[in-house]
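For the sequence shown, the numbering used here begins at 3 and goes up steadily by one. The beta-carbon is built from N, C-alpha and C at its ideal position, and this holds for glycine as well. Structure first, commentary second.
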Amino acid sequence: MPGLDLYSAPAIDLHQRACPRPAPRLAYAGSLGMGRLSPARVEMHVLDNTQVERLEAEAVNSAKVRQPMYAARKKIFPKRATGNFRRFKWLVMAITLGIYYLTPWLRWDRGPFAPDQAVLLDLANRRFYFFFIEIWPQEFYYVAGLLIMAGVGLFLITSTIGRAWCGYTCPQTVWVDLFLVVERAIEGDRNARMKLDAGPWTARKLALRASKHAIWLGIGAATGGAWIFYFADAPTLVGELFTGTAAPVAYITVAVLTATTYTFGGLMREQVCTYMCPWPRIQAAMLDESSLTVTYNDWRGEPRSRHAKKVQAAGQSVGDCVDCNACVAVCPMGIDIRDGQQLECITCALCIDACDGVMGKLGRERGLISYATLSDYNANMMLATAGGSSSVNPSLVRTADGLFSDKVAHFHVSKIFRPRTYVYMGLWSLIGLGLLYSLLTRDRLQVNVLHDRNPQFVTLSDGSIRNGYTVKLLNMIPEPRIIVVTMQGLQGGEMSVVGDDIKAGRSFAIPVEPDRLKMLKVFVRQPADQIRGAAQTFTFRVEDKSSFEADEYTATFNAPEIAR
């Protein structure tokens, strides 16, 4: 499959016209790469009197040479990165995993008539509890609204800072990071893992691999277990799981999620993002010239060379990139960011940390690989190529003292605030405020009335007309209530409750259990001399005197034509 350009065609055309391909790489031997490492060896080169490690790496998902769709997976051995973005990813991973694994164990006191689990999907009783919020099946539009907010929020994030969801908070990314922590702890960092993988099967290799996969399976089982704890009381269910008394569906769910977590996080990894997830292909419609993406700034990095002083002494221009492949080694997706934007890039920014570390060792400005917008990149490429009339010349973006020119475009946070992002933010906020208003003003007491279909009315021995109704009283709070039912309108009419000793009249009180629906069979009678038509309307009014909550339902009273 060809590489996916994430920007609009006009911008790419401008880039191609104004920015010719960089000059051939100088003093370069060996292949580029980012992810899969060829022979497990490390070469050291002297770069401006500084020792910088160069890793022989080969891009598994190279933008220049695309692999067949059904080619066998080539293993990727990402090197452990250090830096600000890696620390941020550690923080995000700790928070997201903590939320997922610990939330079912949080308690929330709702009184003696409701479960005390803070977050609970009670499918048996058709309730969703989220701390102080209780959602009933007929209120599923709240869940739909939250899903719409999540979608709009994803559009907003992608249009401003690229695939931040993919790089930091996507479950696939988080669990792959967790599995890599286990892999590094047991087998070592990149070179050690490559050597172990290429070596023969020994007792040590067997023990290491068995330990790693056993822990992976344990993580998968914990993931599946945590998931089912959201659907039942966690302390009770965990006891049933270990005593063998849990429902079969619980064991099946844990087994399925264990298998999928182990397979996706441990075995497939980057293939899930590349081949299974649709978002890399959708994101192209979300990005524009002002969206932040992880970018290799070849306007200052090319021509790249491992021996900058020798090249400069020969009178040739040289960029900041020393071709050390540090960005290649840390990429979990097996790409080379220096090939440009690619479908596989999840913008995890680990290549930024790796490159910044090398630039720091060399005493050069950081940001050779950075978050940048296409508009800034194009402006700087025009500057570095003298308006597109030459190949990249890094001296054109610097002053005589070696500092960046004032003409170099730099990112400012104000650039991401543009009409498109304001529209997304406004839509997202509007939906959120609408849901919040609805949540705060919703009724917790409801009445619904169903008129008997057959017969629609009955003529009694005294000539009065009686209609039958099924009255449903819905108490939507976890507390018992005394509900007063009153009939308004229908002159001379009175109610009686079937199967209850309540005296016939225009009002009666009845208890309703917490979080329950109370169904009543109610007869409404009207004397013949009071009937004013074949169909009269009146109102059932229900009220909780203690909380002043009330609801009404307009019903129809049917009578024969001859009674008029």
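Counted as a single uninterrupted DSSP element, the stretch harbouring Ile337 is not any alpha helix (DSSP H), since DSSP gives it neither H nor E.
Closest by C-alpha distance to Asp464, out of Ser307, Leu182 and Ala530, is Ala530.
Note that the region 299 to 307 touches the region 318 to 328; at least 3 beta-carbon pairs, one per stretch, sit closer than 8 angstroms.
Rounded to the nearest angstrom, the gap between the Cα atoms of Gly491 and Gln458 is 19 angstroms. Distances from the CA of Ser292 to each of Glu515, Glu554, Ala411 and Ala74 were compared; the closest alpha carbon is that of Ala411. Per DSSP, reduced to three states, the secondary structure at Asn327 is coil, with no helix or strand assignment. Taking all protein chains in view, the Cβ of Met278 is surrounded by fewer than 16 other Cβ atoms within 10 Å, so the residue is classified as exposed.
Taking 9 angstroms as the cut-off, the Cβ atoms of Val256 and Trp229 count as close.
By the neighbour-count criterion, in which 16 or more other beta carbons inside 10 Å mark a residue as buried, Val487 falls on the buried side. Counting only runs of at least 3 residues, the region 142 to 207 fully encloses no beta strand (DSSP E) element at all. Around the C-beta of Gly153, fewer than 16 other C-beta atoms lie within 10 Å, and the residue is accordingly described as exposed.
As the crow flies, the alpha-carbon of Gln493 is around 38 angstroms from that of Tyr439. Judged by beta-carbon spacing, Gly155 lies within the 9 angstroms limit of Trp430, meaning their Cβ atoms are closer than that value.
The C-alpha of Phe231 is placed about 18 angstroms away from the C-alpha of Pro173. Arg128 carries a coil assignment under DSSP once its states are collapsed to helix, strand and coil. If you check the CB distance, Tyr424 and Ala557 do not come in under 9 angstroms.
Distance between Ala351 and Met270, taken at the CA atoms: about 21 angstroms. Inclusion of Leu376 and Thr295 in the CB contact set at 9 angstroms is warranted, their separation being smaller than that value. Per the Cβ contact rule, the region 367 to 386 is in contact with the region 397 to 413 (3 or more Cβ pairs under 8 angstroms). Gly169 and Tyr103 have their C-alpha atoms spaced approximately 21 angstroms apart. When secondary structure is reduced to three states using DSSP, Asp553 falls in the strand class.
For Met497, the enclosing beta strand (DSSP E) stretches over residues Glu496 to Val499. Within the region 368 to 431, complete alpha helix (DSSP H) segments of at least 4 residues are found at 376 to 386, given in chain order. Taking the Cα of Met478 as reference, the smallest distance to any Cα among Thr349, Val514 and Asn456 is reached at Val514.
Around the CB of Ile221, 16 or more other CB atoms lie within 10 Å, so the residue is classed as buried.
In the pairwise beta carbon analysis, the region 108 to 117 is classified as not touching the region 211 to 227: fewer than three pairs are separated by under 8 angstroms. Judged by beta-carbon spacing, Gln285 lies within the 9 angstroms limit of Gly164, meaning their Cβ atoms are closer than that value. Between Thr265 and Thr225, the C-beta gap is not smaller than 9 angstroms, which leaves the two residues out of contact. Between Leu442 and Ile135, the alpha-carbon positions lie close to 10 angstroms from each other. Within 10 angstroms of the beta-carbon of Lys505 lie fewer than 16 other beta-carbons, which makes it exposed. According to DSSP, residue pairing for Tyr471 in a beta bridge involves His453 and Val524. DSSP places Glu545 in the strand class (E or B) of the three-state scheme. Less than 9 angstroms separates the beta-carbon of Ile78 from that of Gly336. Per DSSP, the beta bridge partners of Ile485 are Ile512 and Asp546. DSSP places Leu352 in the helix class (H, G or I) of the three-state scheme. The criterion of a C-beta distance shorter than 9 angstroms is satisfied by Leu289 and Ser161.
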